[in-house]
Structure formats: C-alpha cells, structure tokens
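> The numbering used here puts the sequence shown at residues 44 to 824.
Even for Gly, the Cβ is constructed at its ideal location relative to N, Cα and C.
Dumping the structure here so I can ask a few things about it.
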Amino acid sequence: MGVEGIGARVTRKEDKRFLTGKGRYTDDMTVPGMKYAYFVRSPYAHAKIGNIDATAAKAMPGVIDVLDGKQLQADGIGNLICGWMIHSKDGTPMKMGAWHPLAVDTVRYVGDAIAIVVADSSGEARDAAEAVVIDYEQLPTVVEAVAALASGAPQIHPEAPGNLIFDWQIGEPDATDKAIAAAAHVTEIEITNNRLSPNPMEPRSTLGIYDSSEDHYTCYTTSQNPHVARLVMSAFYNVAPENKLRVIAPDVGGGFGSKIYIYPEEIICLWASKKTGVPVKWTSDRTEAFLTDAHGRDHVSKVKMAFDANNRITALKVDTIANLGAYMSLFSSAVPTYLYATLLSGQYDIPAIHANVRTVYTNTVPVDAYRGAGRPEATYLLERTMETAARELGVSPAELRRANFIRTFPHQTPVIMNYDAGDYEASLNAAMQAADWNGFAARRSQSEAKGKRRGIGMSCYIEACGIAPSAAVGSLGAGVGLWESAEVRVNAVGTIEVLTGSHSHGQGHETTFAQLVAGRLGVPIESINIVHGDTDKVQMGMGTYGSRSGAVGMSAVVKALDKVEAKAKKIAAHLMEASEEDIVIENGELKVAGTDKSVPWFQVALASYTAHNLPSGMEPGLKETAFYDPSNFTFPAGCYIAEVEIDPDTGETDIVQFVAADDFGNIINPMIVEGQVHGGIAQGIGQALLENVQYDENGQLLTASYMDYAMPRADDLPSFKLSHQNTPCPSNPLGIKGCGEAGAIGSPPALINAITDAIGHNKLTMPATPMKVWQALHPAH
44 MGVEGIGARV TRKEDKRFLT GKGRYTDDMT VPGMKYAYFV RSPYAHAKIG NIDATAAKAM
104 PGVIDVLDGK QLQADGIGNL ICGWMIHSKD GTPMKMGAWH PLAVDTVRYV GDAIAIVVAD
164 SSGEARDAAE AVVIDYEQLP TVVEAVAALA SGAPQIHPEA PGNLIFDWQI GEPDATDKAI
224 AAAAHVTEIE ITNNRLSPNP MEPRSTLGIY DSSEDHYTCY TTSQNPHVAR LVMSAFYNVA
284 PENKLRVIAP DVGGGFGSKI YIYPEEIICL WASKKTGVPV KWTSDRTEAF LTDAHGRDHV
344 SKVKMAFDAN NRITALKVDT IANLGAYMSL FSSAVPTYLY ATLLSGQYDI PAIHANVRTV
404 YTNTVPVDAY RGAGRPEATY LLERTMETAA RELGVSPAEL RRANFIRTFP HQTPVIMNYD
464 AGDYEASLNA AMQAADWNGF AARRSQSEAK GKRRGIGMSC YIEACGIAPS AAVGSLGAGV
524 GLWESAEVRV NAVGTIEVLT GSHSHGQGHE TTFAQLVAGR LGVPIESINI VHGDTDKVQM
584 GMGTYGSRSG AVGMSAVVKA LDKVEAKAKK IAAHLMEASE EDIVIENGEL KVAGTDKSVP
644 WFQVALASYT AHNLPSGMEP GLKETAFYDP SNFTFPAGCY IAEVEIDPDT GETDIVQFVA
704 ADDFGNIINP MIVEGQVHGG IAQGIGQALL ENVQYDENGQ LLTASYMDYA MPRADDLPSF
764 KLSHQNTPCP SNPLGIKGCG EAGAIGSPPA LINAITDAIG HNKLTMPATP MKVWQALHPA
824 H
C-alpha cells in the first residue's frame, strides 16, 4: 500500500479551493444577460387561490415579467412526482396528490410557490413580488400526523380521503402477535421522532438558461444527483427532451439528503428562461430554506417488544404514523417503509417482527430523506425500547444487547434484509472499554457529591447503505435503478481522469477516488482528476446519497480499472516481448515479474495512442467504462456510548463523554471517515438536544430562522472518542460498507438513554432542551 493509496490519511485535494474562497457554487455562476428570480409564496398554510393581480408588479423598475401557475400549466409542464410506488396492505396504490410547481388553485403549506418574478436584480424582483396581490380564501389546517387521521380533520388532497397516503405493512403479524401473547415480559413504549430541517451550509440555488438558437436548456443547480434531475425533468415534468437538457451541479455546499430531490424552482427557472428570453437565477435565502427545503423525520410510533424467561427477544411489533407534509416528495414514500421498517431487527436476532406504517398529508413542508433517512428513526425506536426493557427487567443494558446479538452470517431477518457480515460484540466491547463502562458508578457518585445528576446510555445501530440491487428495489417500487457508472480515461502522457456518476458535496471524492486509482496503478495522486456533476461530460449515473459513493460508486471505478489494467498489461507484454500473465504494476511501472525489465506507465499510455506498436487487432487508446450494480446492501454497524451530567437547577445537559465504535468495513481514508463521523454525531446531538421544527395550529412555521431553530454550536459538542472495527463487506470488491450517516443514526438514542438514566424515568422526548429536562426532574412544577 502506497502512502497515497487505500488506507492512507491523505489531506483533501479539494480543500485548497474551498479554504481559499475559490469554490464555484451555483450562485457564483454568471452568464451574459442573466436576470434574477424571486418567488411569490403563500402566507397561508391552506387556502384557495382567487384572483392574482400582477399589474403593479410588472410596472415596477427592472421587472421583466411575472409568471403564474396557469401559464406554466398551459405550457404543458407536469406536476412533481414521488418516484417510489408503495401499495397499501389491501393492494391499493399510494394516493399521490397533485403538486403543481406553481400552485394553481390551492396552496397547502406556508411557502407554497404561486408566481415567479423575473427582474434585473434580486432586490427589484423581491420588491415586485411584494406588489403582487392575491385573493385567498383561507381553509382549515392540520399540522400533526396523528391529528391528520382524526375524524373530521381538514382534507388536504381530494385524492387521499382522510389524508391517508398509504397503510403499509411488513413482517409476520400472526406470528408476532402469538409471540407477544406468550411472552414472559413485554415492554411497551411510545416513541416520537422529532421533525428536523436539514440546513446545509449552502442554500439551494438554480440558474436556468434557454438557448433559442439550439432549442437547448442548461440548468445549474445544487443537486446531489444531476443525472436523475435531468431524467425526471425530461421524462416526467416535460421541461425539455433529455438530449436538449444539460444539468450541471458544480461545487455543492452540503446536502444531507435535502438536495436529492427535484424542487419546483429548477423547473420554473428553466421554463421562465424560455418564456422571458433571458437566463434566470434564483438563490434561496435562509428563511426560504426553512420554509421550502424538504424536512426530515417526524414519526409517531407505538412499540411492543416481547421477551422470554431468559431475556431473549421473541417478537417486535411497531405501529408508526409518518408525516409526509403537504405533498409527496421524490423519494418520500421509501423513507418510512423500505428504509425504516426493514431495519427494525437492528443487531438482534428477533424471530418475529411486524411493522405497520401509515403515512399522512399535513399542511407542512414536504418530508423526505434527511441524513440516515429511515435508519435513524428505526434505530432510535429500537434502542430506546431496548434500554427501557433492560430497566424493566433489572438487567444491564449492555448485557441485554449482548444476549440478543446476531452471531452467525449471513443472517436473514424477518423484514427482508439479509445481513452479510458483522461482529457486533467487537464494537460493543470496544465502546465499553473506551468509555470505562465499569467505572461509571464511581463517576456518578462524584457527580452526586456536587449536586449533579449523571447518566450513561448506549446505542447499537445498524444501517443499510448502497441500496441495491436494481432488480430488487425495482420489485419494491423504486422508479429508477440504483447502480453506478464510471469511466477511467488514461491520457497520452499517463495522466488520468475518472468520470463518476457519483457526486461530491462535501464527502471528499476528489481525494478518495483518486487514492483508489493511485494505489491501483502506482501513479501520483496529483496526476489524477475526478470529474463529476455535469450530464454533458459524465455518463449516466445515479448520484450520491445513502452512503453509496464508496460501496457502489468506487466499485464501478474498480470495474473500469480492471479493464484499463488488463489492456495496459497486454500492451506492456507486447512491448517487452513477455507473457501477459507475468506483468505486474508497481510504483508507476509495468514490470516483468522476476526480471529487471519494465516500462513506465506514461510510456504504455503513449503507446496506446500512437498505436505504432500494439498487439494485433487491438484498438488504440486507453479508456474504459463500467457499470456496477451491487448484489446486496451493505450493513455498517456500531456501538455508541454517551455520558452526561445534568444540573438539576437549570436542566442543562453537559455531554462529558461520547464514544463511537464503528464497523465500516475497509476504509479508504481514515481522516475523511473520522470527519464524516464527527459531522454525523454533531447532527445527532442537534436532534437529541436542540433541533425541532415547530408549527403553530394555523400552520405558521415558528422556527424559520436561527433565532428560533437551535443548531448545535462548538461548545455544545464534546471531543469524540472514535474507533473502527472491521468486518469487510463481501458484497463489493473493495469490502466497503459506508460511513456518511452512522453518526446521525447512533447518537440520538445514546444521548436520550443517558439523559433518562440520569433523571430516573422515561418521560422525555427529543429535543431534550434544558426546559424539558428541568420539567422532567421537577414534575410537580
């Protein structure tokens, strides 16, 4: 292994431009004649739209035009769709309500777009938007998931009676009920998973450009998957034929899932560019982001976990109501179903599982994938239940988990998943040792002597990444395949370009993908460029989400490298008059094993393009493409332990220790992996202690700024103790499992378990703010 190859702590290549302010984001893009857009949005959560009067707005300085939904509809632009079909348990398809990019007759959440103003400057567009006069007829609202299902609740979409989108189940209901009835002990708990706003550092932005001379569209956008954006906008939204639409996602400043989807703004800016004859750019401000970016989580669940007399789990029954907001976003239906309920076995050997999931419409922002996407909800539910069961049974939470671990692989769960590899006890032991678990009682006594409460909690998580194979997800309702593509281009002087369908928005792909190639071919990492994010440059690919870039994206690169290496060895063998089987690649040279004969890498590359002396029948050039479709998901897992100290006078929680022991399989760059874990834990701490999207009864968002939505700050976070265990994944050529979401999955239950341990009871919901903790400690008040 070279110092720049797999396993090396290589500093990120891309950071030079980011740290020096040279990044190129969508809002940095300018083209001749570009104008600016501002959206007229509904101030009401539910209302009929009457007359729209834009006369005064159109007369204002700098205004090019004001366009509305009826014009958009007349031009044949389609509605936004959900791309994953779910059927209810009675066989009926999900009830997808119409989502017009610009609302035509009804608005269904505060921030629903109604019209677009195009003007010479963003300020002029904003001023004109305020001059658009709209008549509204307000309608009743509902914002809570459980309330949306109540008799007489306001009807959000005519397509979904009673606001029910689907009523879906997985597992074995009869076997589960039978096991619960026969159990020695049953733990019952209600779990709420709070709604979150994703808050990437870069707000969403798009620049739509229509070229009338070529009848061609270009869309710059903050997307995690530009090819999927192009596919959906051409095939479903009728914006333009695919060959007439280029989508470019340049540098993207974070996504966390919220930039997977197609939003109305991309569609509208492209359409508006054609209507007005000018390029149209829109960039969200932070309040717009709170109002319109897809939210995450928002589940309410009832759980029953059954145990036999030996404290072995015999069954798990879950009933969940998931809030999907006002409309179904692109992958929203998959999150509370196949990304959630299929992980309810966790790390445990549970013979019988049944989960029922009902999804509902409310007058709130649409809900879709947010870092972890279903996996955090499943882990929080399972690990809070396990901790509660241990307290009820009077046993160590660590030993209860240990007694129920899956120990043989592959392991088929009752909820579809087939775990391929793991060693859960190794992570548990590593975490307990790092946390000095056995020394906790002494530390608790020390805290009590100071008048403080101390608690410790753990969480053993598992997640499914690299969602695949395509045939399997297709059978479950996915509208697209989940393979990945790569092209490896070796230039005539030996430099290399890797074109990947994956997309980097903070993950460090320009470094890790280059490390893979450098280690394989023995060439300097500086000679390797990673190209992504442009549908005119890169072959069709499926983008980045669900920790798939390593396991799926890099595996596609490996397949392309296999072909490049095979051809390079043929050329080298021909040049050195040796057997192809004797050629090895070392330190940038192709050598004849056991001899001193060699040719440098650049010479083989040059020979492939001069084509003066190639093996008979060989085509010139050294460039290969590959597509990789995984045979199974990957299953990262680990154990997290949080230790907290609470001031009973204020309810303030101090995280005095946080330990993370993860099994990500083989690791390309440990430094980047550690950064991913740090970021994930920070977001998990945010959910557990601080963050919560809150609406009032009229559907007004009360947390639409950082004054009201509490993000974690540096002094909210402890130093993290990290360790890595390794059971390589057998389902891909690199043995990678994925690391991007683990921290956000494992940390919330560990923290809430620690806090409830400290306060001595379970009556606490996320976020555990100082006020909530104080009230839990002083229920009489």
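So residue 417 and residue 361 are supposed to be a Cβ contact under 8 Å. How far apart are they, rounded?
The sequence position of residue 417 within the sequence shown is 374, counting from 1. The sequence position of residue 361 within the sequence shown is 318, counting from 1. About 13 Å separates the two Cβ atoms, so there is no contact after all.
> From the DSSP output, in three-state form, read off residue 354 for me.
One-based indexing of the sequence shown puts residue 354 at position 311. Of the three classes helix, strand and coil, the one that applies to residue 354 here is coil, per DSSP.
> May I have a chain-ordered list of the alpha helix (DSSP H) segments no shorter than 4 residues that lie completely inside the stretch 254-323?
Along the stretch 254-323, the alpha helix (DSSP H) occurs as fully enclosed runs of 4 or more residues at 269-278 and 307-319, listed in sequence order.
> Could you say if the stretch 270-289 and the stretch 765-779 meet the contact criterion of at least three C-beta pairs nearer than 8 Å?
Pairwise C-beta distances place the stretch 270-289 out of contact with the stretch 765-779, as fewer than three of them are shorter than 8 Å.
> Pull up the distance between the alpha-carbon of residue 152 and that of residue 406, whole angstroms please.
Taking the sequence shown and counting its residues from 1, the one referred to as residue 152 is at position 109. Taking the sequence shown and counting its residues from 1, the one referred to as residue 406 is at position 363. One C-alpha to the other measures close to 5 Å.
> Considering only the beta carbon of each residue, do residue 600 and residue 703 sit closer than 9 Å?
By one-based count along the sequence shown, residue 600 stands at place 557. By one-based count along the sequence shown, residue 703 stands at place 660. Against a cut-off of 9 Å, the Cβ pair of residue 703 and residue 600 comes out as no contact.
> On the three-state DSSP scale, how would you describe residue 813?
Numbered from 1 along the sequence shown, position 770 holds the residue referred to as residue 813. In the structure shown, residue 813 falls within a helical segment according to DSSP collapsed to helix, strand and coil.
> Using DSSP's beta-bridge definition, name the partner residues of residue 370.
Position 327 of the sequence shown, counted from the start, is the residue given in the question as residue 370. Per DSSP, none; premise fails for residue 370.
> The alpha helix (DSSP H) with residue 436 in it runs from where to where?
Counting from 1 along the sequence shown, the entry for residue 436 is found at position 393. Start and end: 418-436.
> Compare the Cα-Cα distances from residue 577 to each of 180, 263, 57 and 722 and report the closest residue.
Translated into positions along the sequence shown, residue 577 becomes position 534. Comparing Cα positions, the closest option is 263.
> With H, G and I counted as helix, E and B as strand and the rest as coil, what does DSSP make of residue 44?
Translated into positions along the sequence shown, residue 44 becomes position 1. Any reading at residue 44 needs caution, since the residue's pLDDT is 41, under 50, leaving its predicted position unreliable; the model's value is listed next. Coil at residue 44, not helix or strand.
> May I ask you to verify whether the stretch 674-686 touches the stretch 556-575, counting CB pairs closer than 8 Å and requiring at least 3?
no
> Nearest CA to the CA of residue 791: which residue from 95, 239 and 215?
Here residue 791 refers to the residue found at position 748 when the sequence shown is read from its first residue. Of the listed residues, the one whose Cα sits closest to residue 791 is 239.
> Spatial neighbours of residue 44 within its chain, please: C-beta separation below 8 Å, excluding the five flanking residues on both sides.
The count along the sequence shown starts at 1 and reaches residue 44 at position 1. Residue confidence for residue 44 is low, a pLDDT of 41 falling below 50, so the modelled location carries little weight; the figure read from the coordinates is stated next. Once the five neighbours on either side are set aside, the close Cβ partners of residue 44 are 50, 51 and 562.
> Taking 9 Å as the threshold (C-beta atoms), are residue 301 and residue 413 in contact?
Working through the sequence shown from its first residue, we reach residue 413 at position 370. Working through the sequence shown from its first residue, we reach residue 301 at position 258. Between residue 413 and residue 301, the C-beta gap is smaller than 9 Å, which places the two residues in contact.
> Within a Cβ cutoff of 6 Å, which residues of the same chain sit near residue 327, ignoring the five residues on either side of it in sequence?
By 1-based counting over the sequence shown, the position of residue 327 is 284. Contacts found: 246 and 247.
> Quick one, are the C-beta atoms of residue 667 and residue 606 less than 9 Å apart?
If you number the sequence shown from 1, residue 667 lands on position 624. If you number the sequence shown from 1, residue 606 lands on position 563. Between residue 667 and residue 606, the C-beta gap is smaller than 9 Å, which places the two residues in contact.
> To the nearest whole angstrom, what separates the beta carbons of residue 544 and residue 597, a pair I think is in contact under 8 Å?
Within the sequence shown, the letter at position 501 stands for residue 544. Within the sequence shown, the letter at position 554 stands for residue 597. About 12 Å separates the two Cβ atoms, so there is no contact after all.
> Please list, in chain order, all residues of the same chain as residue 773 whose beta carbon is under 7 Å from its beta carbon, the five residues on each side excluded.
Residue mapping note: residue 773 aligns to position 730 of the sequence shown, counting from 1. Closer than 7 Å at the Cβ level, and outside the excluded window around residue 773, lie 463 and 464.
> Give the DSSP-derived three-state secondary structure of residue 392 in the structure shown.
By one-based count along the sequence shown, residue 392 stands at place 349. Reduced to three states, the DSSP call for residue 392 is coil.
> Tell me whether residue 70 is buried or exposed, calling it buried when 16 or more other Cβ atoms sit within 10 Å of its Cβ.
Locating residue 70 in the sequence shown gives position 27, counting from the first residue. Buried: at least 16 other Cβ atoms inside 10 Å.
> Buried or exposed for residue 424, going by 16 or more other Cβ atoms inside 10 Å?
Within the sequence shown, the letter at position 381 stands for residue 424. With 16 or more Cβ atoms within 10 Å of its Cβ, residue 424 is classed as buried.
> Sort out for me which residues DSSP pairs residue 723 with in a bridge.
For the purposes of this step, residue 723 is identified with residue 680 of the sequence shown, where counting begins at 1. Paired residues: none, contrary to the question.
> Ends of the beta strand (DSSP E) at residue 198?
Taking the first residue of the sequence shown as position 1, residue 198 is located at position 155. First-last for residue 198: undefined, no H or E at that position.
> Is there at least one non-hydrogen atom of the ligand FAD closer than 8 Å to the beta-carbon of residue 551?
Among the components of this structure there are no ligands whatsoever, and the ligand FAD is therefore not found.
> What are the partner residues of residue 501, as DSSP defines its beta bridges?
For the purposes of this step, residue 501 is taken as the residue at position 458 of the sequence shown. BP columns for residue 501 point to 684.
> Closest to residue 115 by C-alpha separation, out of 307, 686 and 396, would be which residue?
By one-based count along the sequence shown, residue 115 stands at place 72. When the alpha-carbon of residue 115 is set against those of 307, 686 and 396, the nearest one is in 307.
> Going by alpha carbons, who is nearest to residue 707 out of 794, 590, 731 and 297?
As a position in the sequence shown, residue 707 is number 664, starting the count at 1. Closest by alpha carbon: 590.
> For the beta strand (DSSP E) that contains residue 671, what are its first and last residues?
In the sequence shown, residue 671 corresponds to position 628, counting from 1. 666-671 is the span of the beta strand (DSSP E), which, as asked, contains residue 671.
> For residue 652, which three-state DSSP category applies?
Taking the first residue of the sequence shown as position 1, residue 652 is located at position 609. In the structure shown, residue 652 adopts helical secondary structure according to DSSP, grouped into three states.
> Taking only three categories from DSSP, how would you classify residue 674?
Taking the first residue of the sequence shown as position 1, residue 674 is located at position 631. Coil at residue 674, not helix or strand.
> Taking C-beta to C-beta, are residue 503 and residue 470 nearer than 9 Å?
What you label residue 503 is simply residue 460 of the sequence shown in a count that begins at 1. What you label residue 470 is simply residue 427 of the sequence shown in a count that begins at 1. Yes. Within cutoff.
> For my contact list, residue 345 and residue 233 are in at a C-beta cut-off of 8 Å; report their separation, rounded to the angstrom.
For the purposes of this step, residue 345 is taken as residue 302 along the sequence shown, with counting starting at 1. For the purposes of this step, residue 233 is taken as residue 190 along the sequence shown, with counting starting at 1. With a Cβ gap of about 5 Å, residue 345 and residue 233 count as contacting.
> Run the CB neighbour count on residue 648, radius 10 Å, all protein chains shown included, and call it buried at 16 or more, exposed below.
As a first step, residue 648 must be located in the sequence shown, where it is residue number 605. The residue in question, residue 648, is buried, as its Cβ has 16 or more Cβ neighbours within 10 Å.
> To the nearest angstrom, report how far apart residue 221 and residue 215 are at their CA atoms.
Walking along the sequence shown from the start, residue 221 turns up at place 178. Walking along the sequence shown from the start, residue 215 turns up at place 172. The straight-line gap from Cα to Cα measures roughly 10 Å.
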